[in-house]
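S.K.:
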Amino acid sequence: MNLQQLHYVVEIVRHGNHLSAAAAALSMSQPGVSQQIQLLEQELGLEIFSRTRNRINGLTEAGTIVHSIAQRIAVNLGELKTLKDHIAGGDRGTLTIATTHTPARYLLPHVVRRFLARYPDVRLILRQGNTEQVCAQVEAGEADLAVSTQAGGSFPNLLRLRCRDLTFCVVAPPTHPILSVPELTLEEIVRYPLIAYDGHNKGLKVWKAFAAAGLEPNIAMSGMDADLCKTYVRMGLGIGILAGLSFDAERDQGIEARDASMVLPTSEIGVALRPGTYLHPYLLDFLGSVAPHLTPDVVRRAIRDFDSDHALGSSPVV
1 MNLQQLHYVV EIVRHGNHLS AAAAALSMSQ PGVSQQIQLL EQELGLEIFS
51 RTRNRINGLT EAGTIVHSIA QRIAVNLGEL KTLKDHIAGG DRGTLTIATT
101 HTPARYLLPH VVRRFLARYP DVRLILRQGN TEQVCAQVEA GEADLAVSTQ
151 AGGSFPNLLR LRCRDLTFCV VAPPTHPILS VPELTLEEIV RYPLIAYDGH
201 NKGLKVWKAF AAAGLEPNIA MSGMDADLCK TYVRMGLGIG ILAGLSFDAE
251 RDQGIEARDA SMVLPTSEIG VALRPGTYLH PYLLDFLGSV APHLTPDVVR
301 RAIRDFDSDH ALGSSPVV
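In full-length UniProt numbering, the protein residues as written are 1 to 318.
#1: Looking at Ala62: is its Cβ nearer than 8 Å to the Cβ of Leu39?
#2: So what's Ile69 in DSSP terms, helix, strand or just coil?
#3: Which of the three DSSP states, helix, strand or coil, is assigned to Gly58?
#4: Does the count of Cβ pairs from the segment 171-182 and the segment 122-129 closer than 8 Å reach three?
#5: Between His200 and Leu228, what straight-line distance do the alpha-carbon atoms span, to the nearest angstrom?
#6: Measure the Cβ-Cβ separation of Leu215 and Glu187 and say whether it is below 8 Å.
#7: Return the CA-CA distance between Ser225 and Leu19, expressed in angstroms with no decimal places.
#8: Measure the beta-carbon distance from Leu95 to Leu283 and round it to whole angstroms, keeping in mind my assumption that it falls under 8 Å.
#9: Okay, do the segment 272-282 and the segment 133-147 touch, 3+ Cβ pairs below 8 Å being the bar?
#10: Whole-angstrom Cβ separation of Leu194 and Gly238, contact assumed at under 8 Å?
#11: With 8 Å set as the bound, which would you pick, yes or no: does the beta-carbon of Val170 sit closer than that to a beta-carbon of chain C?
#12: Which whole-angstrom value describes the C-beta separation of Leu156 and Ile269, a residue pair presumed to lie in contact below a C-beta threshold of 8 Å?
Here you go:
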């Protein structure tokens with residue numbers, strides 16, 4: 001077995017199980033890659049890929065585990081290659097943060113300002129996407145950490161650290177009756193059209209709460225960010241459900257907010273990172289700015305516990 005063979009496994013999966021595409025990316029012949037995979041399977045005594053007439057269909061159950069291990073090894077090798085540069089460079093380098101809209105817009109700006117002032121020789125890169133996208137970037141080694149809403153449950157090889165709770169509010173024009181009703185309930189909310197920037201994502205806790213109550217929100221518009229949502233609410237086209245973090249009474253003139261934490265479940269903003277990530281001091285400082293309770297000792301202890309639990313075959317929620 002050699003590391004290159006594991007790299008071939010990762011590349012085949014990355015290219016949608018198309019052997020020819022993976023071979024082209026590797027600058028190898030298709031038979032050469034196929035032979036190396038077969039040698040690896042023979043040495044391990046198991047099939048990594050399921051096949052039909054020599055055509056790869058996908059990973060076997062055992063192959064899924066092999067691929068996961070191969071991914072971790074590839075990422076860890078990348079960390080080793082950059083370790084020397086990090087140590088020699090001191091407070092120089094690049095920090096890549098993948099983030100979802102809410103923290104990018106409402107949580108990180110002051111963190112970024114402080115970081116750039118303190119580390120002028122560090123290149124800070126922000127990449128935005130949904131939770132799945134930003135976690136995938138971290139898992140693939142394309143980003144150092146992700147700051148996102150919701151949990152990255154489909155990425156068991158990433159350590160997730162809780163940053164802060166995320167409560168929700170209802171926003172509406174100042175004279176809207178939803179703001180003055182004696183008791184805010186889900187039944188009251190569904191009486192009005194909703195302007196929702198994540199209304200099509202039925203997996204989110206907010207929308208699950210309505211489903212659990214047997215209620216169907218009247219979503220008039222969706223698929224936009226929180227600021228656009230507030231724009232259309234201000235026009236009187238409906239009410240909005242937003243993360244409390246995204247509303248500012250001084251900035252958001254023309255609309256008002258009502259706390260909905262009593263009727264809508266609390267979510268969270270968390271950080272996801274690879275356990276093998278080199279914890280450069282400026283990365284730890286960034287984490288501490290996002291969430292003061294994430295001290296270097298807390299982060300290192302969480303990584304040790306995560307590695308220990310993974311060795312035992314479990315995936316803890318941190």
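Think of the CB as a built atom: it goes at the ideal place given N, C-alpha and C, for glycine as much as any other residue.
Computed from a predicted model, the values in this text were never measured in an experiment.
M.R.: Let me spell this out:
#1: no
#2: helix
#3: strand
#4: no
#5: Its pLDDT being 49, under 50, His200 is placed unreliably by the model, and the measurement read from it follows with that caveat. So the alpha carbons of these two residues sit roughly 16 Å apart.
#6: yes
#7: Correcting the residue identity first, residue 225 is Asp in this sequence and not Ser. Going from the Cα of Asp225 to the Cα of Leu19 covers about 39 Å.
#8: 6 Å
#9: yes
#10: 6 Å
#11: The structure shown contains no chain C; it is built from a single protein chain.
#12: Per the sequence shown, residue 156 should be read as Pro rather than Leu. About 20 Å; that fails the 8 Å criterion.
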